[in-house]
Amino acid sequence: MRRLTLVFLLVLLMVTAGCRPKTTRYQAEFLGLFDTVTTIIGYAESKEEFTALARQVQEQLAKYHRLFDIYHNYEGVNNLKTINDHAGVAPVKVDREIIALLLFAKAQYYATGGAVNIALGPVLKIWHDYRTQGILDPHAAEVPPRHLLVEAARYTTLEGLIIDEAAATVYLPDARMRLDVGAVAKGFAVERVARQLEAEGVSSLLLSVGGNIRAIGGKPDGKGVAPWKIGIKNPDPESPVPQLCNVLIRGEAVVSSGVYERYYTVDGTRYHHIIDPHTLMPADYFTSVTVISRDSGLADALSTALFILPLETGLELVEGLDGVEALWVTDSGEVISSAGFSAYLEEQSW
Ligand code: AMP
Ligand code: MG
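In terms of this note's numbering, the sequence shown opens at residue 63 and continues consecutively.
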């Protein structure tokens with residue numbers, strides 16, 4: 063009885079003193095998903111506990127990776143590549159998560175005035191092929207001929223995409239159409255996985271898929287919960303400072319689109335991977351755009367869109383959205399942010 067009382071007292075003391083079981087910071091990294099590095103950071107009482115959670119995250123992300131892949135087939139899976147391969151042939155029955163991604167992407171197309179267009183595939187494929195070739199053999203690197211791009215652009219109308227929600231089928235009615243979900247898929251997948259984890263009771267974790275970051279809650283700091291500190295990359299490769307600033311987040315997503323991610327060089331000029339649907343050329347107002355929002359799918363779609371849109375249009379778009387902030391770095395190195403961005407800044411980092 064005395065022992066029981068003692069234990070009770072001890073537990074009571076721990077509770078009143080606000081003590082929590084001691085947790086340690088763990089980090090897991092793996093390659094192979096979404097063509098980039100995935101990093102998971104969390105606090106757990108044991109390595110085993112963290113590893114089990116990290117595996118679960120990896121498996122869930124892998125499911126989305128297979129579904130949203132436009133380059134590979136997977137046994138027993140109808141994915142984005144299956145849809146592209148059946149363009150002009152037949153509708154493809156797909157997982158509901160593909161339908162959800164495509165509906166989301168369609169909504170973002172309209173919300174951004176067409177800046178982000180997942181039906182831009184035929185044009186993006188040309189850039190992808192010329193980039194791949196240019197990286198393999200830099201001396202022979204070339205910019206895609208204009209007439210090829212213009213011809214491909216004829217088959218990029220998103221309105222043409224036929225989504226049958228009831229039947230869960232997707233159809234590209236012209237064989238020359240092609241979906242490319244590179245601008246939205248990572249953020250969308252990360253958001254779906256994060257929400258699933260939150261629903262299962264996970265209250266603190268940081269997910270990063272190739273810099274597409276989503277926090278679940280904050281991080282334990284002994285006394286309570288502290289925000290996660292996220293460094294925003296400096297897009298200037300010549301600068302001795304690797305980061306522009308740090309932002310502090312609790313539960314938000316931070317996503318950047320930048321010239322540094324994928325590019326190749328032709329005669330000393332860099333050609334990166336974000337293509338303006340009007341010019342069919344790499345967008346050239348900015349070197350990076352970062353978006354903070356509670357929804358990582360939205361942050362991903364918007365970071366690509368804002369990278370393409372003129373500053374005034376982008377600012378107006380962001381200021382009209384609740385809970386969305388953005389930071390632009392212009393081609394001349396000027397840094398501009400939306401009105402509420404500074405609330406996320408770690409003061410001494412600026
Ligand atoms: P992100 O890094 O999220 O800005 O996405 C860039 C990727 O999106 C590229 O590698 C392309 O696959 C794709 N992309 C490029 N330009 C566009 C565009 N205007 N609309 C939709 N997707 C695009
Ligand atoms: Mg994006």
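Positions of the beta carbon are idealized from the N, C-alpha and C atoms, including for glycine. Only a predicted model underlies this, so the values are computations on that prediction, with no experimental measurement involved.
message = Using a 10 Å radius around the Cβ and a threshold of 16 neighbouring Cβ atoms, would you call D236 buried or exposed?
response = exposed
ask   = Do you know how far the Cα of K143 is from the Cα of G320?
value = 26 Å
query = Hey, would you say the C-beta of D191 is under 7 Å away from at least one heavy atom of the ligand MG?
reply = no
key: Other residues of its chain near G176: CB distance less than 7 Å, five sequence neighbours each side excluded   = P339
inquiry  = Using CA atoms only, rank isn't needed, just tell me which of N135, V303, K109 and I102 is closest to E121.
reply    = I102
inquiry  = Taking 7 Å as the cut-off, is the beta-carbon of T366 closer than that to any non-hydrogen atom of the ligand AMP?
reply    = yes
Residue span of the beta strand (DSSP E) that contains E253, given as start and end = E253 -> not in any beta strand (DSSP E); alpha helix (DSSP H) instead, spanning A247 to A261.
Which listed residue (R324, L234 and R356) has its alpha carbon closest to that of V316 = R356
inquiry  = In this structure, how does DSSP classify E387 when only helix, strand and coil are distinguished?
reply    = strand
inquiry  = If I measure Cβ to Cβ from I398 and keep anything under 6 Å in the same chain, skipping five residues before and after, which residues do I get?
reply    = Excluding sequence neighbours, I398 sits near W390.
task = Could you tell me which uninterrupted alpha helix (DSSP H) segments, each at least 4 residues in length, are contained entirely in the stretch 321–386, listed from first to last along the chain?
result = Complete alpha helix (DSSP H) runs here, min 4: 358–370 and 373–381.
query = Say the cut is 7 Å; is the CB of D47 nearer than that to a heavy atom of the ligand MG?
reply = Residue 47 is absent from the structure shown; the chain starts at 63 and stops at 412.
ask   = Buried or exposed: which applies to P299, given that a residue is buried once 16 or more other Cβ atoms fall within 10 Å of its Cβ?
value = exposed
message = Among E110, L364, E408 and V156, whose alpha-carbon lies nearest the alpha-carbon of Q170?
response = L364
ask   = Since E91 is in the beta strand (DSSP E), which residue starts that stretch and which ends it?
value = Element bounds for E91: T86 to L95.
message = Rounded to whole angstroms, what is the Cα-Cα separation between P297 and E396?
response = 11 Å
inquiry  = Assuming contact is defined by CB atoms lying nearer than 8 Å, are H127 and L95 in contact in what I supplied?
reply    = Pairing H127 with L95 gives a Cβ-Cβ distance under 8 Å.
request  = Check whether the Cβ atoms of P282 and S266 lie closer than 8 Å to each other.
outcome  = Less than 8 Å divides the Cβ of P282 from the Cβ of S266.
key: Among L198, K248, C307 and S270, the one whose alpha carbon lies nearest that of A405   = Restricting attention to L198, K248, C307 and S270, the CA atom closest to the CA of A405 is found in C307.
ask   = Is it the case that the Cβ atoms of V185 and L371 are separated by a distance below 8 Å?
value = Not closer than 8 Å, so no.
task = Measure the beta-carbon distance from A256 to S358 and round it to whole angstroms, keeping in mind my assumption that it falls under 8 Å.
result = A256 to S358, Cβ: 7 Å. Contact.
ask   = Are three or more beta carbon pairs between the stretch 345–356 and the stretch 199–206 nearer than 8 Å?
value = Cβ pair count under 8 Å is below three, so no.
ask   = Going by alpha carbons, who is nearest to L129 out of L360, G244 and E387?
value = Looking at the Cα atoms, G244 is the closest of the given residues.
ask   = I think T100 touches S301, with their Cβ atoms under 8 Å apart; what is that distance to the nearest whole Å?
value = Rounded, the Cβ-Cβ distance is 27 Å, inconsistent with contact.
task = Leaving aside the five residues before and after A106 along the sequence, list all residues of the same chain whose C-beta is less than 8 Å from its C-beta, in chain order.
result = T85, T86, Y88, F112 and L115
ask   = Using the beta-carbon count (16 or more within 10 Å), is A388 buried or exposed?
value = buried
key: For S400, the nearest candidate out of T375, R276 and F166 (CA to CA)   = T375
ask   = What is the DSSP secondary structure of V303, counted as helix, strand or coil?
value = Reduced to three states, the DSSP call for V303 is coil.
inquiry  = Under 8 Å: do the stretch 249–264 and the stretch 215–227 share three or more Cβ pairs, one atom per stretch?
reply    = no
inquiry  = Are the CB atoms of V287 and G293 within a distance shorter than 8 Å?
reply    = no
query = Candidates V232, T231 and I188: which alpha carbon is nearest E213's?
reply = I188
ask   = V386: buried (16+ other C-beta within 10 angstroms of its C-beta) or exposed?
value = buried
query = In chain order, what residues of the same chain have a beta carbon less than 7 Å from the beta carbon of E314, not counting five sequence neighbours either side?
reply = A277, I354, S355 and R356
key: Length of the line joining the Cα atoms of L323 and G272   = Note that residue 323 corresponds to Glu in the displayed sequence, not to Leu. Roughly 9 Å between the two C-alpha positions.
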